[in-house]
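Asker: If you scroll down you'll find the structure; I have some questions about it.
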Amino acid sequence: MECEICGTPARELGAPFGDETRQRCPRCGEFIVTGSAREVLERDRERYRVKLSGWVREQNRLGDIPKISSERLDFVERMPPPRVVERVDRLLLALVDGESTLGETCDINDIKLIAETYSVNKKEVALLCQYLKEAGLVRYRTLNDSSLQVTLSGYRRYEELGATQSASAQGFVAMWFHDSMKETYDLGFEVGVAAAGYSPLRVDRVEHADRIDDEIIRQIRRSRFVVADFTGHRGGVYFEAGYAMGLGLPVIWACRKDQIPELHFDIRQFNCIDWSAADELAARLHRRIEAVVGAGPRPVAT
Numbered sequence: 176m177e178c179e180i181c182g183t184p185a186r187e188l189g190a191p192f193g194d195e196t197r198q199r200c201p202r203c204g205e206f207i208v209t210g211s212a213r214e215v216l217e218r219d220r221e222r223y224r225v226k227l228s229g230w231v232r233e234q235n236r237l238g239d240i241p242k243i244s245s246e247r248l249d250f251v252e253r254m255p256p257p258r259v260v261e262r263v264d265r266l267l268l269a270l271v272d273g274e275s276t277l278g279e280t281c282d283i284n285d286i287k288l289i290a291e292t293y294s295v296n297k298k299e300v301a302l303l304c305q306y307l308k309e310a311g312l313v314r315y316r317t318l319n320d321s322s323l324q325v326t327l328s329g330y331r332r333y334e335e336l337g338a339t340q341s342a343s344a345q346g347f348v349a350m351w352f353h354d355s356m357k358e359t360y361d362l363g364f365e366v367g368v369a370a371a372g373y374s375p376l377r378v379d380r381v382e383h384a385d386r387i388d389d390e391i392i393r394q395i396r397r398s399r400f401v402v403a404d405f406t407g408h409r410g411g412v413y414f415e416a417g418y419a420m421g422l423g424l425p426v427i428w429a430c431r432k433d434q435i436p437e438l439h440f441d442i443r444q445f446n447c448i449d450w451s452a453a454d455e456l457a458a459r460l461h462r463r464i465e466a467v468v469g470a471g472p473r474p475v476a477t
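For my numbering, count along the sequence shown from 1 and bump the result up by 175.
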């Protein structure tokens, strides 16, 4: 059978469950696709292939086997594509993570690298490999060879990429920007994030000269984790949470208790903090952050 996402020969895992099927593709990885999403992909696979293939690989890297619904397709399509420099970093991460022994030779024709780097084809992967070589992070075994090795500088850069994210002291809060939520943020989200040792950031309270969506992307990239509160069910919060997941950032899920029944079914599968009051939210958020992410580097008021 063909992969529903990219058309590569793939395996179906187990018997279909209702209109859902589970597939494992050598390019995209492992995923579940619903009947409605399958119909959309059959009509316009090219529209979604690059982003969806890369996103599934990201979720697999986080240990998740994502379910692709028609709503999730729209969600992933709205994600901005990673920049070229970020794609080069993703390639280095994939090469090192794929090693079983230090200095192991890597095959740049491995089809999964297309998805790992959000590339269209192997030619783009080869170009990204050339950028790594020019930076001194990899070397080819022979001229015009398709196999390469990570250099000492490459391993150093790999360690830097891991340290940059883990060293961040910022927690990004994605939520409904409404006057009725002011106390919830001030006494709930802000207090809970700070109590865990991190600096809370809400993008509407940051001075900047850019478009708001550009600033959101910039600040999420700078963060150690994202708190996504779905009270009010704002589309932007769904986008920001998905974008953070695509980057491999931990997401802490929350929603006011009386609105839990209205949550999109894709979000209900996660363990949401169902809060009723700001002080309760602060305490539970503090505990959840420390359990999922660990205590932050900033001093905590006593």
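The C-beta atom is built at its ideal place from N, Cα and C for all residues, glycine as well.
Just so it is clear, the structure is predicted and the values come from calculations on it, not from any experiment.
For CYS203, list the residues DSSP reports as bridge partners.
Answerer: Along the sequence shown, one-based indexing puts residue 203 at 28. According to DSSP, CYS203 bridges with nothing at all.
Asker: DSSP on TRP428, reduced to helix/strand/coil?
Answerer: Along the sequence shown, read from residue 1 onward, the residue named residue 428 stands at position 253. Reduced to three states, the DSSP call for TRP428 is strand.
Asker: Assign GLN444 to one of three DSSP states: helix, strand, or coil.
Answerer: Residue mapping note: residue 444 aligns to position 269 of the sequence shown, counting from 1. If DSSP states are grouped into helix, strand and coil, GLN444 belongs with coil.
Asker: Beta carbon of LEU288, beta carbon of VAL251: below 8 Å?
Answerer: In the sequence shown, counting from the first residue as 1, residue 288 sits at position 113. In the sequence shown, counting from the first residue as 1, residue 251 sits at position 76. One thing to note: LEU288 has its Cβ no nearer than 8 Å to the Cβ of VAL251.
Asker: Curious, which full-length beta strand (DSSP E) runs of at least 3 residues does the region 237-324 contain?
Answerer: 313-315
Asker: Is there a Cβ of chain D sitting closer than 8 Å to that of ILE442, yes or no?
Answerer: Looking at the structure shown, chain D is missing, and only one protein chain is on hand.
Asker: I need the DSSP call for GLY193, collapsed to helix, strand or coil.
Answerer: In the sequence shown, residue 193 corresponds to position 18, counting from 1. It is coil, neither helix nor strand.
Asker: Taking just the CA atoms, how far does GLN305 sit from VAL313?
Answerer: Stepping through the sequence shown from its first residue, residue 313 is reached at position 138. Stepping through the sequence shown from its first residue, residue 305 is reached at position 130. So the two alpha carbons sit approximately 9 Å from each other.
Asker: Output the distance between the C-alpha atoms of VAL263 and ALA457, rounded to the nearest integer angstrom.
Answerer: Taking the first residue of the sequence shown as 1, we reach residue 263 at position 88. Taking the first residue of the sequence shown as 1, we reach residue 457 at position 282. Per the coordinates, the alpha-carbon of VAL263 lies some 39 Å from the alpha-carbon of ALA457.
Asker: To test your reading of the DSSP string, which unbroken alpha helix (DSSP H) runs of 4 or more residues are found completely within the region 324-399?
Answerer: As far as the region 324-399 is concerned, its whole alpha helix (DSSP H) runs of at least 4 residues are 327-342, 365-370 and 387-396.
Asker: Please work out which residues of its chain come closer than 8 Å, Cβ to Cβ, to GLN459, disregarding the five sequence neighbours upstream and downstream, and give them in chain order.
Answerer: Along the sequence shown, read from residue 1 onward, the residue named residue 459 stands at position 284. In the sequence under discussion, the amino acid at residue 459 is Arg, which differs from the Gln named in the question. Closer than 8 Å at the Cβ level, and outside the excluded window around ARG459, lie GLY367, ILE448 and TRP450.
Asker: By DSSP, does VAL402 sit in helix, in strand, or in coil?
Answerer: Within the sequence shown, the letter at position 227 stands for residue 402. Reduced to three states, the DSSP call for VAL402 is strand.
Asker: Does the pairing of the region 254-262 with the region 412-426 give three or more beta-carbon distances under 8 Å?
Answerer: yes
Asker: What are the partner residues of ASP449, as DSSP defines its beta bridges?
Answerer: Within the sequence shown, residue 449 is the residue found at index 274, counting from 1. ASP449 pairs with CYS430.
Asker: Our contact map puts ILE240 next to GLU205 with C-beta atoms below 8 Å; I'd like the distance itself, whole angstroms only.
Answerer: Within the sequence shown, the letter at position 65 stands for residue 240. Within the sequence shown, the letter at position 30 stands for residue 205. ILE240 to GLU205, Cβ: 5 Å. Contact.
Asker: Tell me whether the beta-carbon of CYS430 lies closer than 8 Å to the beta-carbon of ASP404.
Answerer: To locate residue 430, count along the sequence shown from 1; it is residue 255. To locate residue 404, count along the sequence shown from 1; it is residue 229. With contacts defined as CB atoms closer than 8 Å, CYS430 and ASP404 qualify as a contacting pair.
Asker: Can you name the start and end residues of the alpha helix (DSSP H) that ILE420 belongs to?
Answerer: By one-based count along the sequence shown, residue 420 stands at place 245. Residue 420 is actually Met in this sequence, not Ile. Counting along the chain, the alpha helix (DSSP H) containing MET420 begins and ends at 410-422.
Asker: Could you check what DSSP says for ILE464 in three-state terms: helix, strand or coil?
Answerer: Here the question's residue 464 lines up with position 289 in the sequence shown. If DSSP states are grouped into helix, strand and coil, ILE464 belongs with the helices.
Asker: Using 10 angstroms around the beta-carbon of ALA269, count the other beta-carbons present and answer buried if the total reaches 16, otherwise exposed.
Answerer: Stepping through the sequence shown from its first residue, residue 269 is reached at position 94. ALA269 comes out buried.
Asker: Pick helix, strand or coil for GLU179, following the three-state DSSP scheme.
Answerer: Taking the sequence shown and counting its residues from 1, one reaches residue 179 at position 4. Coil, per DSSP.
Asker: Can you give me the C-alpha to C-alpha distance between GLY189 and ARG197, rounded to a whole angstrom?
Answerer: Here residue 189 is taken as the residue at index 14 of the sequence shown, counted from 1. Here residue 197 is taken as the residue at index 22 of the sequence shown, counted from 1. Each residue's Cα considered, the two are about 7 Å apart.
Asker: Count the other CB atoms, across all protein chains shown, that sit within 10 Å of the CB of MET176; report buried if there are 16 or more and exposed otherwise.
Answerer: Mapped onto the sequence shown, residue 176 falls at position 1. The residue is exposed, with fewer than 16 neighbouring Cβ atoms inside 10 Å.
Asker: Closest to GLU221 by C-alpha separation, out of ASP194, THR183 and GLY210, would be which residue?
Answerer: Here residue 221 is taken as the residue at index 46 of the sequence shown, counted from 1. Nearest option by C-alpha distance: THR183.
Asker: Please go through the same chain and pick out, in chain order, the residues whose beta-carbon is closer than 7 Å to the beta-carbon of ASN235, but skip the five residues on each side of it.
Answerer: Within the sequence shown, the letter at position 60 stands for residue 235. Setting aside the 5 residues that flank it on each side, ASN235 is surrounded in the same chain by GLY204 and GLU205, each with a C-beta closer than 7 Å to its C-beta; the list follows chain order.
Asker: Please identify the residue among TYR360, LEU302 and THR326 whose C-alpha is closest to the C-alpha of GLY278.
Answerer: Residue mapping note: residue 278 aligns to position 103 of the sequence shown, counting from 1. Closest option to GLY278, Cα to Cα, is THR326.
Asker: If we count the other Cβ atoms within 10 Å of its Cβ and call it buried at 16 or more, is ARG218 buried or exposed?
Answerer: As a position in the sequence shown, residue 218 is number 43, starting the count at 1. Taking a 10 Å sphere around the C-beta of ARG218, we find fewer than 16 other C-beta atoms and assign the residue as exposed.
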